[in-house]
Every structure is written in structure tokens, then in C-alpha cells.
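Working notes, structure below.
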Amino acid sequence: MNSISTAKTVTGAKRYSAGVMKYAEMGYWEPDYEPKETDVIALFRITPQDGVDAVEAAAAVAGESSTATWTVVWTDRLTACEKYRAKAYRVDPVPNSEGEYFAYIAYDLDLFEGGSIANLTASIIGNVFGFKPLKALRLEDMRLPVAYVKTFQGPATGIVVERERLNCYGRPLLGATVKPKLGLSGRNYGRVVYEALRGGLDFTKDDENINSQPFMHWRDRFLYCMEAVTRASAATGEVKGTYLNVTAATMEDMYERAEFAKALGSVVIMIDLVIGYTAIQSMAKWARANDMILHLHRAGHSTYTRQRSHGVSFRVIAKWMRLAGVDHLHAGTVVGKLEGDPATTKGYYDIFREEYNPMTLENGIFFDQDWASLNKMMPVASGGIHAGQMHQLIHYLGEDVVLQFGGGTIGHPQGIAAGATANRVALEAMIYARNSGRDYYNEGPEILKEAAKKCAPLQQALDTWKDVTFDYASTDSPDFVPTPAVAV
Amino acid sequence: MRLTQGQFSYLDDFTDEDIRVQAQYAIDQGWSVSVEYTDDPHPRNTYWEMWGHPMFDNPDAAAVVYEVNECRKLHGGKYIRVIAFDSSPGWESIRMSFIVNRPEVEPGFRLIRQEEEGRVVRYTIQSYACDRPEGQRYA
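Each protein sequence line maps, in turn, to chains G and V. Residues 1159 to 1646 in this note's numbering are what the first sequence spells out, letter by letter. Residues 1152 to 1290 in this note's numbering are what the second sequence spells out, letter by letter.
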């Protein structure tokens, strides 16, 4: 059992006498503190070790993520130390989760270097995550003040300009990841790109681990892919793209690959989350300077986002990536094969696409967040989705999203182009139905059946994947459930 | 070939009723609908000719259908599209775009490859229709 103490900050000379003192007494617990508009606020889910007081644990998190060390130091008195101390100001037990607490911690803006995710994260998720008195610690959400948001570039292109460049409006974009993800030669790889794009997709995509391997070196891939992209563009009269993954061992390598993609006329390049925050910000800056859409594949995120008790929520990663400046980021499908509770996923999508996020506890959003006109990020839905789910996808994910049907395109019985056409027809038919006022969510299967009468590839897609769903319990659902106003 | 720009090019060509239904959706969202035409369908030809200004205060999609048909009288052998503008902050751009008229024959695009060193190819896409001067293409 853990208690919630009523510790008070020690003041005067006693505060600085040498030795060890409770964090909550050192000024890291200020229950009366009202966060300033310019404070960065972090919400942590803390699980103290047995017997550790929840307030002391929260104060320790505040201390270790700002100015504190394990003992009193007199050099504090050379600084405006009260300003630089992060302040835990609220600790609530987590509903229905014995032993877990939500700790709200406010940080003065001067603790952070402007425009640097690396600096922000070095404090907020630095030493503190290994702190012994805690069993587990999770960063659930952050409030980023406008003054701080304005120090970041934000998405290099943004949803609006991306659509203008692609000349594509009024419907989700369609994509597919080339499969098999490893082993194809450059020539064979480009074939998949060509077929998928000429069949009706807007984008194809390298997978996260396609870089420059013995079976296909990067230059070869870029050359064949751009032949495919341009051929498909000529065949349809549409702007097409393929996310050329420039992820590499060094920044120098990544810049070289990005420059080559630009020279070949690509509209988009891709990086993986594993390259790190600074590298992501560098590529975002390059993308802004070179009119390039920047796709980020969130490779690796589940190592720290998936478990509810420890790590960093994906909603926080999404906020950091919007600041860092990527244009596309994977955000879940709800109905596909990868983790994604509908309410939590809606919270992510709102963080990507809205100008302002009001606090929405049922979607896991704990703070009002003003994005201060930073560009919007295009969410990407990928992983185990197919044409038969089109009504559900549009219902849950909306219009400004890239729907990526990898297996659902390439696995089509009549070939890749037929698979692409099936997806495009299903999409356009569903958008048509929605716009004309039909109850497309409930009538979805009917709408698809009607569209398939005129499109054999769609009929074949529906027959092949008709009942495929991935219905597993989510490991990361919101802690707060709205109480219905009317009993059902 | 079939030019597949716009959000409904993979469906059957639109009837007047289809145009009305989709334009009314745009109007009901608070967007302004306008009609544009071109005889240069290059994917990066951003500025099609405007058939008048966007219909900023028009509440009824029947007027859009009327303008499309007026435009057809003069430019029936060309591409005509309907687009919807959203002036709300943070968007201030196009929300919908769909083709409502196409030439009888769509000759498509030529892909020109300029071969350079290191296997690099510079690509250019040209509409076959643009071999002829503006105004003398298609019909």
C-alpha cells in the first residue's frame, strides 16, 4: 500500500543544511502551485515501490527530471533555484488501478532549449525512468505552451500543402508497402511500385528495414522506383509518389540519399523513428528546404509505448514528432492487425490534425493543447487492412489520412494493379456515399457490393478477405470512460 | 487512357444528378464551389481556366449543374472539373475536386527520358494533346 502524504516544503536555513532530505520537502511538491501559461506540464503515471509514499515519489520524479540530486547541495543557492525546480502539484490515484498514480509536474520554460526535442527529452525521460523508488513510470501526456511550440519548425509540408502538391483532394490517400519487404532486387521491386501506382494508388512505400542490403543497394532501388513512379504518372495523369527510405548509419549517408531522391524527382522521402530525435529534426529541416514530404515510420515505438505502466505514451511521441517536423506518421488503424483501441487512436489522430486539442480524458488527452498554427501531420493507417473495411476506416479515421493496404493490394488474386484498383474504387464509392448523405457506416457492406458489380477486382477482393478481422483486447485503452447521459 | 485526377475518376462518369449531389455536399460544408476547364491535363497543370469566380454565396447546387452545362456548350470537348474551396483558417485551400466532363478521346501522356551520367534519368511528362496549340486540342 502507498499513502498520499501531506509533506511541506522546508524553508529558511534548514532547507540547505547538508544531508539527505525528502524530495517533497525540498520544494519539488507544491500542491498550491498554479502552472503558468508558459510552463511545460508533464503527466506521469507513477507506480511507487511498496511502502513509498505517492507524493514523495511524484516529488522525486519532479526533482530527478529537473534540478535535484540525491542530497542537498549548497550550490542551489547560487541560482534562482525555486524557479528551476520542477514542481509536482497534483497527485491522483489512477481509476481502477491499485498502486498507480497520476502525477502532474510543471516545468519552467527556461529549463529547455528552444526547438530541441533532444533537450526536452533528456530532462523529461532522462535519468528519471531508472529511478529505484519507482516500480514503473510512464509519461502519459504533455502540455506544450504556445511560447515553446513556436520555437519549432513543425511539419515540413503539412496536410494542406501536401494535398496541393499531389493535386489530391476530398478523399483519403491510398498507399501500399512493397512486399516481401526484404529480398526483392531493384528491378523486381520497381515492378511492384509500378503496378500498384498505375492501378490507382497514390503512394507506395519502402518498409522500415529496407535500406541498402546485398540483394538491393539503395541507388538501384531509387532508380527503378522513380522509373516506376513516373511511368505510372504518365499512365494516369496523376502525381504519384513512393516513400524512398533514406534511413542510414550516418547523417552524411542520409543527406546523400535524400539529395539523390530529390534529383530523381521524388515528391517524398522516408525515415525511421530509430534514427533518433536530432536526426529526425535535421531531416525535417532538409525536407522544408527542399520541398520534400517527409514520411516517418514509427519503427521501434512499441518497445516503449505499448505497456500501460512503463514507458512513453504514443500520444506524447506524436506531439514530439509534430514539433520535430515530420509530415506523415503511422498512428494505427483501429480495425487492422496492430495495437489500437478506438478511443485512444482518436486521441492520436486529433493530436496530428487539429489546430487545438481540448482536454478529452476519454481519448487519453489530459490537457488543452494549442498548436499555434504549426502544420498538421498526415496520419498513416497501415497493417492488416483491406477494401472490405473501407466504411469502418473512413468512419474511424476520417478523410485526411493515408490508408495503406500492403497485403490488401499485393495479395490480390488478379495481381497488384487489380488490387490497387479494388481499393481505389471501394474508397471513391464510399466517399461518394458519405457525401450523398447515406448511412455509410451501417450500409458499408451494401455500398461495397453495389460498387463491386461494376468492378470485378473489388468483388474478388471482397470474396478473398471478406471476414478477416483482428479482434484482440487492447493493451493501451484510456483510464477514463465517459458516463452515458442516458442509461442504455 | 483515362485521366484519373480528382476524387471520383474510378467511378462511372458523372450525371447531372451526381454533380448536384456532390456539389450540394460541398455547399453544406460551407465551401464555395467553382467550375474550371482545360485542354492541358498535365498532372502539374495547377491553373485550369476559371469558368467565372467561385460561387461564394450560392446555396443551391442546381446552379452549379447549370454552370457546368453552360461551360460544356463552349468547352464540351475539354476537361471540366468542379472544385470546392474552404476558406476556414488553417485550411484556406481546395477540399474537393472531381472531373465532370472529358474529351471523347483521351490520348494520354508521353514520357520523355533524358539519360544522364550514372544511370540517372530526368523525366518529363507531356500530354500528346499539347502537341497542338492551345484551343486546337481535342475536338
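The C-beta atom is built at its ideal place from N, Cα and C for all residues, glycine as well.
Item	Value
Note down, in chain order, all residues in the segment 1179–1198 of chain V with a beta-carbon under 8 Å from any beta-carbon belonging to chain G.	Pro1192, His1193, Pro1194, Arg1195, Thr1197
Counting contacts by CB-CB distance shorter than 8 Å, is Pro1325 (chain G) in contact with chain V?	As written in the sequence, residue 1325 (chain G) is Asn, which differs from the Pro given in the question. Yes, contact with chain V.
Residues bridged to Leu1141 (chain G) by DSSP?	With chain G represented from 1159 up to 1646, any question about residue 1141 (chain G) goes unanswered, as that position is not in the structure.
Use the C-beta contact count for Asn1285 (chain G): other C-beta atoms within 10 angstroms, 16 or more gives buried, fewer gives exposed.	exposed
Let's test the definition: count the other Cβ atoms within 10 Å of the Cβ of Met1479 (chain G) and tell me whether it reaches 16, buried, or not, exposed.	buried
Whole angstroms is fine: what's the gap from Tyr1181 (chain G)'s alpha carbon to Thr1463 (chain G)'s?	28 Å
Indicate whether the contact test is met: 3 or more Cβ pairs, each with one atom in the segment 1236–1252 of chain V and one in the segment 1164–1177 of chain V, closer than 8 Å.	yes
What number of angstroms, rounded off, separates the C-alpha of His1553 (chain G) from the C-alpha of Ser1540 (chain G)?	16 Å
Reducing DSSP to helix, strand and coil, say where Leu1359 (chain G) ends up.	coil
Restricting to Cα atoms, I'd like to know which of G:Gly1577, G:Glu1512, G:Val1560 is closest to His1486 (chain G).	G:Val1560
Terminal residues of the continuous alpha helix (DSSP H) containing Gln1618 (chain G)?	1614–1623
In terms of DSSP beta bridges, what is Leu1452 (chain G) paired with?	G:Ile1427
Between the beta-carbon of Val1474 (chain G) and the beta-carbon of Met1300 (chain G), is there less than 8 Å?	yes
Check whether chain V comes within 8 Å of Asn1593 (chain G), counting only Cβ atoms and requiring the distance to be less than that.	yes
Please list the residues of the segment 1221–1247 of chain V that have a C-beta atom closer than 7 Å to any C-beta atom in chain G, keeping them in chain order.	Gly1241, Trp1242, Ser1244, Ile1245, Arg1246, Met1247
Is Pro1192 (chain V) closer than 8 Å to Tyr1230 (chain V) when the C-beta atoms are compared?	yes
Could you name the residues of the same chain whose beta carbon sits closer than 7 Å to that of Phe1525 (chain G), not counting the 5 residues immediately before and after it, in chain order?	Ile1199, Asp1299, Arg1301, Met1517
Quick one: what's got a C-beta closer than 8 Å to Thr1279 (chain G)'s C-beta in the same chain, skipping five residues either side?	Tyr1435, Trp1478
Do you know how far the Cα of Asn1209 (chain V) is from the Cα of Arg1288 (chain V)?	33 Å
Report the neighbours of Arg1582 (chain G) on chain V: residues whose CB is nearer than 7 Å to its CB, in chain order.	Tyr1161
Can you tell which of G:Val1304, G:Val1404, G:Arg1389, G:Leu1452 has the C-alpha that lies nearest to the C-alpha of Ser1531 (chain G)?	G:Val1304
Determine the extent of the beta strand (DSSP E) in which Ile1234 (chain V) is found, giving its start and end residues.	1230–1237
Name the chain G residues that come within less than 9 Å of Ile1276 (chain V), Cβ to Cβ?	Thr1388, Ser1391, Ala1392, Gly1395
Looking at the C-beta of Thr1155 (chain V), does it have a partner C-beta in chain G at a distance below 8 Å?	yes
Mind checking if Ile1199 (chain G) is an interface residue toward chain V, Cβ cutoff 8 Å exclusive?	no
By the criterion of Cβ-Cβ separation under 7 Å, what are the contact partners of Met1152 (chain V) in chain G?	Ala1393
Hey, how far is the Cα of Arg1195 (chain V) from the Cα of Leu1422 (chain G)?	16 Å
Measuring only between beta-carbons, confirm whether Pro1642 (chain G) sits less than 8 Å from chain V.	Since pLDDT at Pro1642 (chain G) reaches only 49, below the 50 mark, its modelled position is unreliable, and no value is offered.
Among all the DSSP beta bridges, which residues are the ones paired with Ala1390 (chain G)?	None; Ala1390 (chain G) has no bridge partner.
Run down chain V in chain order and give the residues with a C-beta less than 7 Å from the C-beta of Glu1513 (chain G).	Gly1241
Unbroken beta strand (DSSP E) runs of length 3 or more, entirely within the segment 1183–1226 of chain V: which are they?	1183–1189
Ser1467 (chain G) lies in the alpha helix (DSSP H); which residues open and close that run?	No alpha helix (DSSP H) contains Ser1467 (chain G), which DSSP labels as neither H nor E.
Indicate whether Glu1142 (chain G) and Ala1165 (chain G) have their beta-carbon atoms separated by less than 8 Å.	Look at the range of chain G in this structure, 1159 to 1646, and you will see that residue 1142 (chain G) is not part of it.
Could you check how far apart the C-beta atoms of Glu1258 (chain G) and Thr1155 (chain V) are, in whole angstroms? I think they sit under 8 Å.	So it is not a contact: roughly 52 Å between Cβ atoms.
Starting from the beta carbon of Phe1260 (chain V), find every residue of chain G whose beta carbon is closer than 7 Å, and list them in chain order.	Ala1392, Gly1395
Taking 7 Å as the limit between beta carbons, can you name the residues of its chain near Asp1282 (chain V), skipping five residues before and five after?	none
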